[in-house]
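In what follows, a structure is listed as structure tokens, so that the remarks can point back to it.
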Amino acid sequence: MDRLLIHNIGQLVTPLGRSARRGQEQGKLQKLQHAWVLLEGECIAQVGEGDPPPAPGAARLDAGGRLATPGLVDAHTHLIFGGWRQNELALKLHGVPYLDILAQGGGILSTVQATRAASQQQLEEKAARALDEMFSFGTTTCEAKSGYGLSTQEECKQLRAIRALDERYPVDLVSTFLGAHALPQEYRDRRGEYLRLLCEEMIPAVAAEGLAEFCDVFCETGVFTAEESREILLCGRRHGLRPKIHADEIDPIGGSQLAGEVGAISAEHLIVCPPQGISSMARAGTVACLLPATSFYLGASFAPARQMIDAGVPVAMATDFNPGSCPCLNLQLVMNLGCLKYRLTPEEVLTAVTLNGAAAIGRAQTVGSLEPGKLGDLVLWEAADLEYLCYRLGSNLVHTVIKRGRPHMYGGPKGPGRENVWQN
Ligand code: NIG
Ligand code: FE
Numbered sequence: 001m002d003r004l005l006i007h008n009i010g011q012l013v014t015p016l017g018r019s020a021r022r023g024q025e026q027g028k029l030q031k032l033q034h035a036w037v038l039l040e041g042e043c044i045a046q047v048g049e050g051d052p053p054p055a056p057g058a059a060r061l062d063a064g065g066r067l068a069t070p071g072l073v074d075a076h077t078h079l080i081f082g083g084w085r086q087n088e089l090a091l092k093l094h095g096v097p098y099l100d101i102l103a104q105g106g107g108i109l110s111t112v113q114a115t116r117a118a119s120q121q122q123l124e125e126k127a128a129r130a131l132d133e134m135f136s137f138g139t140t141t142c143e144a145k146s147g148y149g150l151s152t153q154e155e156c157k158q159l160r161a162i163r164a165l166d167e168r169y170p171v172d173l174v175s176t177f178l179g180a181h182a183l184p185q186e187y188r189d190r191r192g193e194y195l196r197l198l199c200e201e202m203i204p205a206v207a208a209e210g211l212a213e214f215c216d217v218f219c220e221t222g223v224f225t226a227e228e229s230r231e232i233l234l235c236g237r238r239h240g241l242r243p244k245i246h247a248d249e250i251d252p253i254g255g256s257q258l259a260g261e262v263g264a265i266s267a268e269h270l271i272v273c274p275p276q277g278i279s280s281m282a283r284a285g286t287v288a289c290l291l292p293a294t295s296f297y298l299g300a301s302f303a304p305a306r307q308m309i310d311a312g313v314p315v316a317m318a319t320d321f322n323p324g325s326c327p328c329l330n331l332q333l334v335m336n337l338g339c340l341k342y343r344l345t346p347e348e349v350l351t352a353v354t355l356n357g358a359a360a361i362g363r364a365q366t367v368g369s370l371e372p373g374k375l376g377d378l379v380l381w382e383a384a385d386l387e388y389l390c391y392r393l394g395s396n397l398v399h400t401v402i403k404r405g406r407p408h409m410y411g412g413p414k415g416p417g418r419e420n421v422w423q424n
């Protein structure tokens, strides 16, 4: 078995555990100085402080005093889509609201057209470029949703693209069925029929082919009501797909309360989450997956992250990468926003993009922290400590991404005298 000793880590920072951290626990991290990590095959064998063990036969990687954290987990993305929507920028600048663009057949529905027009292979190639970029920013595990097909065949095409990419690509992908992302144009006057299609054909087909682990719904004014969302999520649950929900993004129509009621693994957005939604999620142990780059991009307010932590709701943060409300795949930027807009501490933020992100997609047993037995997914940063990582804005601070025990170099000295800029 291949062994790799990563030594001379200036600071190693990680949450600990195999489930989501909530309340004060969210801000408690293990911080080791002068640390090392021994990887065996794809997994972490040992983590320690001070002089590394002899490890005969192991390859050695000198971290050069850099910061090490777990690989980042992006727990909410719409990775697979055709086209882009830069035309919406002008509409936004003229003040046209996001839901109005959708109601006029644009927004998500224009991406549906472009996605249907693309082959599975074309979708894979486009998403592979996004994955390259995500990986270079430190993301090692990523959730990916369907939701731009809106027919059985087209949703399955998106989900098969996710599966194929997962097999051939270093980033591990986790797939979510989001057939209830919008009402397709051809069903505009036949809402009930689309709901029947979702429950009687699409969900059974997705489950039978093992194409997704989770079932998600866009519960929003003008999209799907809380009652419709309940019906879809319960149907998904009967077919073995765990519920997730886009809730309280623009209007609080009961999505976060429903999340707790149906035992959703996570509820996403929660920009305008009411107190009853917070208590419902706290009771059920639902992870709040917050998407601050979307708030920024929509010019909206920011989710009440502090109230959630105080109420014992575990908070994760993700990019929401998609061609409309958030064409951003950089989790480092999300970390900045977590500090500056949610006013979370760097420690709480790191947990949100590692262990709690993993918990939001059912992966807390295997990733999200640096401890023996977990996958060897970690990032070496051009940073001396976690504060620096959260403080710098707009640069990619990744030096090396190690995925399943294999190092992929990105940064490194940028020329004579330019080594370790963060140390000066
Ligand atoms: O999470 N809100 C619904 N879905 C995405 C946006 C999708 C789109 O605009 O294409 C979101 O923001
Ligand atoms: Fe989303």
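Letter by letter, the sequence shown follows residues 1 to 424 of full-length UniProt numbering.
Backbone N, C-alpha and C define an ideal beta-carbon position, used for all residues, glycine too.
Distance from the Cα of residue 80 is smallest, within the candidate group 69, 194, 164, for 164. Remark: the C-beta of residue 155 is outside contact range of ligand 2, defined as less than 7 angstroms to any heavy atom.
Cα atoms of residue 62 and residue 257: separation of roughly 49 angstroms, rounded to the nearest angstrom. Counting only the Cα atoms, residue 268 lies some 16 angstroms from residue 275. Nearest Cα to residue 9 within the set 3, 400, 316, 404: 400. Assigned with DSSP and collapsed to three states, residue 206 falls in helix. Bridge partners of residue 13 according to DSSP: 31.
A straight line joining the alpha-carbon of residue 326 with that of residue 218 spans about 15 angstroms. Looking at the backbone, the Cα of residue 26 and that of residue 296 are separated by about 24 angstroms. Within 7 angstroms of the C-beta of residue 172 there is not a single heavy atom belonging to ligand 2. Here residue 409 carries a strand assignment [DSSP, helix/strand/coil].
Cβ neighbours of residue 169 within its own chain (closer than 8 angstroms, five residues either side excluded): 128, 131. The Cβ neighbour count for residue 167, taken over all protein chains shown within 10 Å, is under 16; the residue is labelled exposed. DSSP places residue 370 in the coil class of the three-state scheme, outside both helix and strand. Non-local C-beta neighbours of residue 409 in its own chain, meaning closer than 6 angstroms and more than five positions away in sequence, comprise 400, ordered along the chain. Rounded to the nearest angstrom, the gap between the Cα atoms of residue 19 and residue 356 is 7 angstroms.
Secondary structure remark: continuous alpha helix (DSSP H) runs of at least 4 residues inside the region 148-235, in chain order: 152-168, 191-197, 203-208. Under the three-pair Cβ rule at 8 angstroms, the region 227-236 counts as touching the region 197-207. With respect to residue 141, residue 350 sits apart: the two C-beta atoms are not nearer than 8 angstroms. In the structure shown, residue 60 falls within a strand segment according to DSSP collapsed to helix, strand and coil. The criterion of a C-beta distance shorter than 8 angstroms is satisfied by residue 123 and residue 115.
A distance below 7 angstroms between beta-carbons, with the five flanking residues on each side excluded, links residue 397 to the following residues of its chain, in chain order: 332, 381, 382, 383, 389. Separation of residue 294 and residue 17 (C-alpha to C-alpha, rounded to the nearest whole angstrom) is 29 angstroms.
Taking every protein chain shown into account, the CB of residue 2 has fewer than 16 other CB atoms within 10 angstroms, so this residue is exposed.
Taking the CA atoms as reference points, residue 57 sits about 15 angstroms from residue 37. Where residue 288 is concerned, the enclosing beta strand (DSSP E) starts and stops at 287-290. Bounds of the beta strand (DSSP E) holding residue 145 are 139-145. Across the structure, residue 113 and residue 149 are spaced so that their CA atoms are roughly 8 angstroms apart. Of the residues assessed, residue 12 falls on the buried side of the cut-off, its CB having 16 or more other CB atoms within 10 angstroms. The beta carbon of residue 59 sits closer than 6 angstroms to those of 4, all from its chain and outside the five residues before and after it, given in chain order.
Residue state for residue 326 is assigned as coil, using DSSP reduced to three classes. Under the three-state reduction of DSSP output, residue 131 falls in the helix class. When Cβ pairs closer than 8 angstroms are counted between the two stretches, the region 367-379 is seen not to touch the region 185-193, the count staying below three.
Minimum Cα-Cα distance from residue 211 among the listed residues 156, 65, 377, 271 corresponds to 156. Spatial neighbours of residue 245 in its own chain (CB-CB distance under 6 angstroms, excluding positions within 5 residues in sequence) are listed in chain order as 217, 219, 255, 259, 264, 267.
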